[in-house]
Ligand SMILES: Cc1ncc(COP(=O)(O)O)c(C=O)c1O
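Residue numbers (the numbering used here): 1 to 387.
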């Protein structure tokens, strides 16, 4: 069987066999329960918290994209995917469903800031929590006796990258499972299961759905048993996606290649332009050849994502910059078609300087966007209060 490129695969991922007079992507199924005659047995759809045909289609689409070999449609093996109401639903399903008193979990100390309260919850449950930075594969030193390694690469918001295969091999040698948060890269930018991970976990709220109007999460695994335990957790927690959200997500996948391709090009253009500004320090983007993450990123990523991080001389300077942008909304989250940026320090959860800005590049023309960013930097510098 020929293997199609990502641009082609996303257009049909998860679509049912063609049926005369049926839509290519069936509409959302709104059902709390299904007709269920006689014994329950292996009924595929019984109750709305357990399964829904709209999730099934989305899950098979994401499974195709996360699959190391393209999934059954490309003649490969299947990947099991479980969709959730949000990225945190998916993150909690893996971390909390596996939490056992006395076990040890290795996490990054620079990942998404809600991992901090999750770490606290794990400790309360009697789990030994070990943390190390993403850069330099520093989590390697903490694996002895661990049951789970959690990786976030690239990390949010610092954009450090670690060698997923190296860490996964080391974790497996010690009997630990490996989960990778693939939110920033999306399955078109990086395939953690191909790099050895047991779980690829993501917030679909970001670039996967890409329009800033849906909250969603998912977990993909090659092992049916692991996927089953995550599915069981979803059932118990009730962290299920709405059918409308699942359908919107599936519809958005057709443009995932176009969107992420343009966003990555725009992010690189903005990052390059920032490098020439004396007031901007710490520009990070994994696609910049001089970035500390570049060497590893280029080996394991196929596109470098839409996020650029950098630091301005202080809180007020960063706020003046954000206020002067015309094409970039001041907003949190990332991955959407419209560019956004924010001062991450305002949340208080990330170890970043006050002037640290995380910018998410949308699908605007990269030249227009770069011009807007440079103009806003000029405005922010000109308005600097005299001391
Ligand atoms: C890397 C990463 N993982 C997980 C999440 C959680 O996703 P959600 O907001 O969909 O719950 C986020 C949210 O920003 C994130 O950036």
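Beta carbons are placed, not taken as given, at the ideal position from N, Cα and C, and that holds for glycine.
Neighbourhood of residue i by C-beta, 6 Å cutoff - its chain only, sequence neighbours within 5 removed
i: residue 45; result: 34 and 51
i: residue 179; result: 94, 150, 199 and 201
i: residue 31; result: 48
i: residue 110; result: 133, 134, 155 and 158
i: residue 24; result: 15
i: residue 233; result: 93 and 97
i: residue 103; result: 127 and 147
i: residue 138; result: 132
i: residue 55; result: 83 and 246
Contacting residues, own chain, Cβ-Cβ under 8 Å from residue i (five flanking each side not counted)
i: residue 88; result: 114, 203 and 217
i: residue 173; result: none
i: residue 177; result: 98, 147, 148, 149, 171, 198, 199 and 226
i: residue 165; result: 195, 196 and 300
i: residue 84; result: 90, 93, 216, 217, 218, 219, 234, 239, 240 and 241
i: residue 101; result: 125, 126 and 127
Short Cβ contact (8 Å threshold) for residue i with residue j
i: residue 66; j: residue 14; result: no
i: residue 254; j: residue 79; result: no
i: residue 310; j: residue 284; result: yes
i: residue 370; j: residue 269; result: yes
i: residue 188; j: residue 302; result: yes
i: residue 344; j: residue 157; result: yes
i: residue 186; j: residue 248; result: no
i: residue 360; j: residue 323; result: no
i: residue 207; j: residue 306; result: yes
i: residue 205; j: residue 60; result: no
i: residue 160; j: residue 293; result: yes
i: residue 267; j: residue 308; result: yes
i: residue 363; j: residue 262; result: yes
i: residue 287; j: residue 116; result: no
i: residue 252; j: residue 317; result: no
Beta-bridge pairing of residue i - partner residues as DSSP gives them
i: residue 356; result: 311
i: residue 108; result: 132
i: residue 151; result: 180
i: residue 340; result: 329 and 360
Neighbourhood of residue i by C-beta distance below 7 Å, restricted to the same chain and skipping five residues each side
i: residue 40; result: 46
i: residue 222; result: 79 and 193
i: residue 129; result: 105, 107, 119, 122 and 123
i: residue 313; result: 279 and 355
i: residue 36; result: 43 and 46
Practice task
Could you tell me which uninterrupted beta strand (DSSP E) segments, each at least 3 residues in length, are contained entirely in the segment 175-227, listed from first to last along the chain?
Solution key: Complete beta strand (DSSP E) runs here, min 3: 177-181, 199-203 and 217-221.
Handout entry: beta strand (DSSP E) segments (min. 3 residues) lying fully within the segment 255-325
Key = Segments of the beta strand (DSSP E) lying fully in the segment 255-325: 281-284 and 307-311.
Handout entry: Entirely enclosed alpha helix (DSSP H) segments - the segment 2-84, minimum 4 residues
Key = Here the runs fully enclosed are 6-12 and 53-66.
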